[in-house]
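S.K.: Numbered as in my numbering, the sequence shown ends at 1653 without a single skipped number. C-beta atoms are modelled at their ideal positions from N, C-alpha and C, and glycine is treated no differently.
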Amino acid sequence: MTATITSISHYLPPDIYPNSYFEKYLDTSDEWIVARTGISERRFIKDGATSDMIVPAAKKCLEKRGLKPKDIDCIIVASVTPDHMFPSTACVVQNKLGAENAWGYDISAACSGFLFALVTAAKLVESGAAKHLLLCGADKMSSIVNFEDRAQAVLFGDGAGVCLIEKSDDPEMGILDSILHIDGSGGPYLNQVAGGSYRPASIETVNNKEHYIYQDGQAVFKAAVVGMADVSLEIMQKNNLTADDIAWLVPHQANLRIITATANRMGLDKEKVMININKYGNTTAGTIPICMSEWLNVGKIHKGDRLVLSSFGAGFTWGSVLLRWNMNE
Ligand code: UT7
């Protein structure tokens, strides 16, 4: 028995911030940002929290599947920008949707959050513990970005992707395999130092800007290029797949150069790689479901397609998921 995605949708805030927005007040340029990251613009939500992006995407997702909020029996939210430290954003979403029969919880795995949550969700559905599971990957990165630091301000965006995970009617289809990793020795290179029990929020932590993202870009870049490419190749080899067998690589969108290195390692043409980093930047847990939702909307994913989903992020966390698309267009 396998679990599968039966509906998917996404939400992106309407307000667009092109690279020229940063040129006005930071020592940066459109040329640098495009050449080093592949990003041209991103979206930031003006009012509202992470749950306010999840809820409209969730409503659309349920509507497409012909389900009501009360049909949902479990909600998992992957995010590093939850509405609050507690209660969980899953609880907030449950209440806003009126999903009165659901339980649920949040998962924190940064840019790998959606993949880690997808694998967990699939296990819950396969075991029979959940039937109609609402899986949300969403981040309001603008709430933790230091907009005075050119090395991070230009990289991130806000957005949400939501899908339904249910039992697959065909055991050869759906979420077929996964390889997931964590390595906590990578923690110092990408983190948010303050606000947790290690360093509770105080005037000092705010003055030191420790409530913002800290990233050693080059260290993360080097680990990401190796980690994401290796794990993507490994899942292909483990399942005896060649590049011809794969319809799409769905990579986490942190840097176009990391995506290209991963595709090259897999021997995939760029036509088989989902890329929207140019429009949205890095929406952390949102990138992978937003890609799949967008590509499905324009009829570019077909029943039977093999997709390799891959990510690398803070933790370090990284992994790949092999899935065979089991939805009619
Ligand atoms: O999704 C979570 C995981 N995160 C990632 O995967 C991100 C991985 N890292 C990266 O994508 C890249 O390291 C960055 C895009 C963050 C930076 O690119 P880079 O090619 O590694 O640049 P760098 O950090 O080596 O910086 C090169 C230069 C530096 O100036 P100097 O020291 O050579 O004078 C930076 O200060 O570029 C400078 N720089 C900028 N210049 C213009 C950094 N940010 C900017 C900027 N505009 N926005």
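Please state whether the Cβ-Cβ distance between G1498 and N1621 is less than 7 Å.
M.R.: no
S.K.: Hey, which unbroken runs of the alpha helix (DSSP H) at 4 residues or more fall wholly within the segment 1529-1560?
M.R.: none
S.K.: For the structure I just gave you, are there three or more beta carbon pairs, one from the segment 1472-1479 and one from the segment 1384-1399, closer than 8 Å?
M.R.: no
S.K.: Considering only the alpha carbon of each residue, which of R1523, A1567 and F1480 lies closest to T1611?
M.R.: Closest by C-alpha distance to T1611, out of R1523, A1567 and F1480, is F1480.
S.K.: Apply the 10 Å Cβ neighbour rule to F1410 and answer buried if 16 or more other Cβ atoms are within range, or exposed otherwise.
M.R.: exposed
S.K.: Once the 5 residues before and after D1507 are set aside, which same chain residues still bring their CB inside 6 Å of it?
M.R.: Excluding its 5 nearest sequence neighbours in each direction, D1507 has C-beta neighbours in its own chain below 6 Å: F1640, listed in chain order.
S.K.: Any idea if P1613 is buried or exposed, counting beta-carbon neighbours within 10 angstroms, 16 or more meaning buried?
M.R.: buried
S.K.: What is the DSSP secondary structure of L1592, reduced to helix, strand or coil?
M.R.: L1592 sits in coil when the DSSP states are folded into three classes, being neither helix nor strand.
S.K.: What residue does the alpha helix (DSSP H) around A1446 start on, and which one ends it?
M.R.: Counting along the chain, the alpha helix (DSSP H) containing A1446 begins and ends at G1437 to S1451.
S.K.: Does the pairing of the segment 1571-1582 with the segment 1595-1604 give three or more beta-carbon distances under 8 Å?
M.R.: Taking one beta carbon from each stretch, the segment 1571-1582 and the segment 1595-1604 have 3 or more pairs nearer than 8 Å; the two touch.
S.K.: Which first and last residues belong to the alpha helix (DSSP H) in which T1607 is found?
M.R.: No alpha helix (DSSP H) contains T1607, which DSSP labels as neither H nor E.
S.K.: Does the separation of the CB atoms of D1351 and N1343 fall below 7 Å?
M.R.: no
S.K.: Going by other Cβ atoms of all chains shown within 10 Å of its Cβ, with 16 needed for buried, is E1387 buried or exposed?
M.R.: exposed
S.K.: Quick check for students: name the residue ranges of the alpha helix (DSSP H) that lie wholly in the segment 1344-1429, counting only runs of 4 or more.
M.R.: 1354-1361, 1374-1389 and 1413-1421
S.K.: Based on the DSSP output, what are the partners of F1636 in its beta bridges?
M.R.: W1642
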